[in-house]
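Chemist: Supplied in C-alpha cells, the structure appears directly below.
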Amino acid sequence: MKRILIVGAGGQIGTELVPYLQKHYGYDNVVAADLRDDMVAKMSEMAITEKLDILDINAFEAVVKKYNIDAIFNMVALLSATGEKNPELAWKINMGALLNSLALAKEYKTALFTPSSIGAFGENTPHDDTPQDTVMRPNTIYGVCKVSGELLSDYYFTRFGVDTRSVRFPGIISNGALPGGGTTDYAVEVFYEVLKHKHYTCPIPPDTYMDMLYMPDALNAITQLMEADPTKLVHRNSFNITCMSFTPTQLFEKIKQRIPDAVFDYDVDPVKAQISASWPNKLDDTCAREEWGWNPQWDIDAMVDDMLDKISKKL
Ligand code: SER
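Note that my numbering has the sequence shown beginning at 1, numbered continuously upward.
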C-alpha cells in the first residue's frame with residue numbers, strides 16, 4: 001500500500017483511519033473522500049480531500065486515476081438500524097459502493113478493504129463462540145448486504161485475483177466522530193450522556209451481549225490485515241475479530257464504579273432489541289489470530305477509563 005484512498009472518510013471509522021494511515025504511510029499518500037460537504041470541509045483541514053459520490057463510477061474512477069491509487073478503503077455504509085427504515089436505500093448504497101469499488105480495484109489492480117460486521121450473522125447462527133465459518137442467515141438488510149458483500153469480494157479474489165480483505169467488525173467504541181444508525185451505538189452514546197447529564201436511557205435490553213472493539217484496536221486490525229502475507233491467508237472475506245463482549249448492565253456497572261451518581265434506565269427500542277438478539281454474544285476470532293496475528297490490546301476497564309478521560313476533555 002503506497003497510495004491510499006478512503007471513501008466514506010467522514011464517518012466514525014474514517015475520521016480516525018485518515019490520520020492513522022497518514023502517520024504510517026505519509027500525509028501525501030492518503031486521500032480522504034466523502035459525499036457530504038460538511039465532512040469534506042472538516043477533513044480538508046487535516047488531509048488531501050475529495051468530494052465524491054461513490055455511486056458515480058466515473059467520478060470515483062477519476063479520483064483513483066488522479067492520485068494513482070493502489071489501495072481503496074471502502075468505509076461507506078448505512079448501518080443496521082437506519083437500514084431497517086429504508087431497506088432499498090441501504091442495499092443501493094451499501095452494495096453500490098462495494099460493486100464500484102470492486103470494479104475499480106479490478107481495473108486498476110488496487111487492494112480493497114471493506115468492513116463486514118457481526119451483523120452478517122443471524123438468529124440461526126451459534127451465538128456463543130460463533131465460529132469463523134458457520135450459518136450466515138442475517139435478519140437485517142444491513143446483514144444481507146454484508147453477507148452478499150463477503151461473497152462478492154471472495155468472488156472477485158478467486159475469479160479475478162483482486163486483493164480483497166475484510167474483517168467482521170463488532171460494535172466500535174470511539175471518542176472521535178459519533179457512530180450513526182447502528183445497534184451498537186449505545187456503547188458510545190452512554191459516555192457522552194453520563195458525562196453531560198449523569199443519566200442515560202438505553203435502547204438495548206439490559207442482558208444483551210454483543211461483541212465490542214475499542215477504536216485503536218480496530219485501526220490496528222485494518223492495517224495488520226492489509227499488510228499480512230497473502231500466502232498465510234486461508235480466509236479473506238471476512239475475518240471474525242473481537243476484543244470484549246458485554247451487556248449494557250455490565251458496561252454501566254463499570255461506569256458506575258467511576259461515576260457513582262450516574263443513573264441508568266431503559267426504554268427499549270423494539271427494532272434494536274430484535275437486531276441485537278439476533279447477533280452473536282461472542283465471536284471466536286481464532287482464524288484472525290492464526291492467519292495474520294490479530295492480538296487486541298484493550299480490555300473493558302482500560303477502554304472505560306480512556307473514554308471517560310478523552311470525552312470529558314472534549315466536552
Ligand atoms: N455497529 C454496527 C451496527 O450496529 C454493526 O456492525 O449497525
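All residues carry an ideal CB built from backbone N, CA and C; glycine is no exception.
Taking a cut-off of 5 Å, which residues have a beta-carbon closer than that to any heavy atom of the ligand SER, in chain order?
Modeler: Result (chain order): Leu79, Ser80, Ser117, Gly119, Gly171, Gly182, Thr183 and Thr184.
Chemist: With DSSP collapsed to three states, give me the class of Met75.
Modeler: As a first step, residue 75 must be located in the sequence shown, where it is residue number 75. In this structure, Met75 counts as coil in the three-state DSSP scheme.
Chemist: Could you confirm whether any beta carbon from chain C is found closer than 8 Å to the beta carbon of Ala33?
Modeler: As a matter of chain content, chain C is missing from the structure shown, which is built from one protein chain.
Chemist: Can you tell me which of the three DSSP states Met210 falls into?
Modeler: Indexing the sequence shown from 1 puts residue 210 at position 210. It is a strand residue.
Chemist: Along the chain, where does the beta strand (DSSP E) that runs through Asp34 open and close?
Modeler: For this step, residue 34 is matched to residue 34 along the sequence shown. Counting along the chain, the beta strand (DSSP E) containing Asp34 begins and ends at Val30 to Asp34.
Chemist: For the putative contact between Thr184 and Thr208, defined by C-beta atoms under 8 Å, what is the C-beta separation to the nearest angstrom?
Modeler: Residue numbering aside, residue 184 sits at position 184 when the sequence shown is read from its first letter. Residue numbering aside, residue 208 sits at position 208 when the sequence shown is read from its first letter. With 8 Å as the limit, Thr184 and Thr208 do not qualify as a contact, their Cβ atoms being about 10 Å apart.
Chemist: Say whether the segment 222-229 touches the segment 260-277, bearing in mind that this needs 3 or more beta-carbon pairs closer than 8 Å, one atom from each stretch.
Modeler: Taking 8 Å as the limit for Cβ pairs, the verdict is that the segment 260-277 does not touch the segment 222-229.
Chemist: Helix, strand or coil, according to DSSP, for Cys317 in the structure here?
Modeler: Within the shown structure, residues of the chain are numbered from 1 to 315, placing residue 317 beyond reach of any answer.
Chemist: Do the CB positions of Val194 and Ile255 come within less than 8 Å of each other?
Modeler: Position 194 of the sequence shown, counting from 1, holds the residue named residue 194. Position 255 of the sequence shown, counting from 1, holds the residue named residue 255. In this structure, Ile255 lies closer than 8 Å to Val194 by Cβ.
Chemist: Where does Lys314 fall in DSSP's three states?
Modeler: Taking the sequence shown and counting its residues from 1, the one referred to as residue 314 is at position 314. It is helical.
Chemist: Flag Ser101 as yes when its Cβ comes closer than 7 Å to any non-hydrogen atom of the ligand GDP, and as no otherwise.
Modeler: In terms of ligand content, the structure shown lacks the ligand GDP and carries the ligand SER instead.
Chemist: Going by alpha carbons, who is nearest to Ala59 out of Ala47, Asp34, Ala71 and Phe73?
Modeler: To locate residue 59, count along the sequence shown from 1; it is residue 59. Checking every option, the nearest Cα to that of Ala59 belongs to Asp34.
Chemist: With DSSP run on the structure shown, which of helix, strand or coil describes Gly26?
Modeler: Taking the first residue of the sequence shown as 1, we reach residue 26 at position 26. Coil, per DSSP.
Chemist: Going by DSSP, name the residue or residues bridged to Thr164.
Modeler: Locating residue 164 in the sequence shown gives position 164, where the first residue counts as 1. Bridge partners of Thr164: Leu112.
Chemist: Name, in chain order, the residues that DSSP records as bridge partners for Leu5.
Modeler: Taking the sequence shown and counting its residues from 1, one reaches residue 5 at position 5. Answer is Val31 and Ile72, bridged to Leu5.
Chemist: Classify Glu16 as buried or exposed, calling it buried when 16 or more other Cβ atoms lie within 10 Å of its own Cβ.
Modeler: As a first step, residue 16 is located in the sequence shown; it is residue number 16 there, counting from the start. Buried, since its Cβ has 16 or more Cβ neighbours within 10 Å.
Chemist: Whole angstroms is fine: what's the gap from Gly143's alpha carbon to Leu178's?
Modeler: As a working note, residue 143 is residue 143 in the sequence shown. As a working note, residue 178 is residue 178 in the sequence shown. Roughly 21 Å separates the two Cα atoms.
Chemist: Over what stretch of residues does the beta strand (DSSP E) that includes Val263 continue unbroken?
Modeler: Reading the sequence shown from its first residue, position 263 is the one you call residue 263. Counting along the chain, the beta strand (DSSP E) containing Val263 begins and ends at Val263 to Tyr266.
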